[in-house]
Amino acid sequence: AQRVTQPEKLLSVFKGAPVELKCNYSYSGSPELFWYVQYSRQRLQLLLRHISRESIKGFTADLNKGETSFHLKKPFAQEEDSAMYYCALSGDNFNKFYFGSGTKLNVKP
Amino acid sequence: NAGVTQTPKFRVLKTGQSMTLLCAQDMNHEYMYWYRQDPGMGLRLIHYSVGEGTTAKGEVPDGYNVSRLKKQNFLLGLESAAPSQTSVYFCASSRRTGQPPYEQYFGPGTRLTVT
Numbered sequence: 202a203q204r205v206t207q208p209e210k211l212l213s214v215f216k217g218a219p220v221e222l223k224c225n226y227s228y229s230g231s232p233e234l235f236w237y238v239q240y241s242r243q244r245l246q247l248l249l250r251h252i253s254r255e256s257i258k259g260f261t262a263d264l265n266k267g268e269t270s271f272h273l274k275k276p277f278a279q280e281e282d283s284a285m286y287y288c289a290l291s292g293d294n295f296n297k298f299y300f301g302s303g304t305k306l307n308v309k310p
Numbered sequence: 017n018a019g020v021t022q023t024p025k026f027r028v029l030k031t032g033q034s035m036t037l038l039c040a041q042d043m044n045h046e047y048m049y050w051y052r053q054d055p056g057m058g059l060r061l062i063h064y065s066v067g068e069g070t071t072a073k074g075e076v077p078d079g080y081n082v083s084r085l086k087k088q089n090f091l092l093g094l095e096s097a098a099p100s101q102t103s104v105y106f107c108a109s110s111r112r113t114g115q116p117p118y119e120q121y122f123g124p125g126t127r128l129t130v131t
């Protein structure tokens, strides 16, 4: 069955420190992975998708099929990065998405 | 563009009452989705639609019904509300053109409490 696991509910780092938000998935086919972000009092929005191999707001994520992971990384965290982050998976049927339980990132000054 | 809007923003129901949540999008998107978000569980897909007049079940469809009579609207109905349906409900939409996978655009959410 499809499953997305985000093991950390809360991650606190100091400004300027590196940050890594973990995401592991379970899927038998070829998955498409995403990171969505929800800033305070804003809507959930797409941060990045693995197929684009892009860097958004300094964040990157690499799909590791061997470890079934899609961890989100940023070398130097900023206070404005504080938000709720969700990892999501879409399978061969692009109609359905599966979300992880989310990680709250708190960047301290 | 308003994007994805949801009505109402908040609602309190008593057990057994019924209600309909309305989702509207003005982006001419083909796909629409209803999710529920519960503490510690992330977003779970209730129902989705790939086009006007079509609906399909997601992960947690029991106790809900949906309709997509118009392309821009996706309605979520609770026929007999139960306390277990207390949650925050999110609607989303996405296009079906170009290279998949398709980004989802989310509404602001509806906070529903069933007492």
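Heads up: the protein sequence lines correspond to chains Z and V, in order.
Note that my numbering has the first sequence beginning at 202, numbered continuously upward.
Note that my numbering has the second sequence beginning at 17, numbered continuously upward.
Just so you know, even glycine gets a beta-carbon here, dropped at the ideal spot from N, CA and C.
All values reported here derive from a predicted model rather than from experimental measurement.
{"Asked": "Per-residue contacts from glycine 74/V into chain Z (C-beta, under 7 Å)", "Found": "Lys297"}
{"Asked": "Segments of 4+ residues assigned as alpha helix (DSSP H) that fall wholly inside the segment 219-299 of chain Z", "Found": "none"}
{"Asked": "Bridge partner(s) assigned by DSSP for aspartate 54/V", "Found": "Gly58/V"}
{"Asked": "Pick from Gly93/V, Thr21/V, Arg52/V, Arg84/V that is closest to tyrosine 299/Z, judged by C-alpha positions", "Found": "Arg52/V"}
{"Asked": "Assigned exposure category for arginine 242/Z - 16 Cβ within 10 Å defines buried", "Found": "exposed"}
{"Asked": "Whole-angstrom distance between lysine 73/V and serine 103/V, CA atom to CA atom", "Found": "18 Å"}
{"Asked": "C-alpha distance - proline 55/V paired with leucine 222/Z, whole-angstrom precision", "Found": "19 Å"}
{"Asked": "First through last residue of the beta strand (DSSP E) which encompasses glycine 93/V", "Found": "89-94"}
{"Asked": "Which of helix, strand or coil DSSP assigns to glutamine 203/Z", "Found": "coil"}
{"Asked": "Residues, ordered as in the chain, of the segment 260-288 of chain Z that lie near chain V by beta-carbon distance below 7 Å", "Found": "Tyr287"}
{"Asked": "Interfacial residues, the segment 238-250 of chain Z to chain V, with Cβ spacing under 8 Å", "Found": "Arg244, Leu245, Gln246, Leu247, Arg250"}
{"Asked": "The segment 212-219 of chain Z touching the segment 276-284 of chain Z, judged by at least three CB pairs closer than 8 Å", "Found": "yes"}
{"Asked": "Given leucine 249/Z as reference, the closest of Gln239/Z, Tyr228/Z, Ala262/Z once Cα atoms are compared", "Found": "Ala262/Z"}
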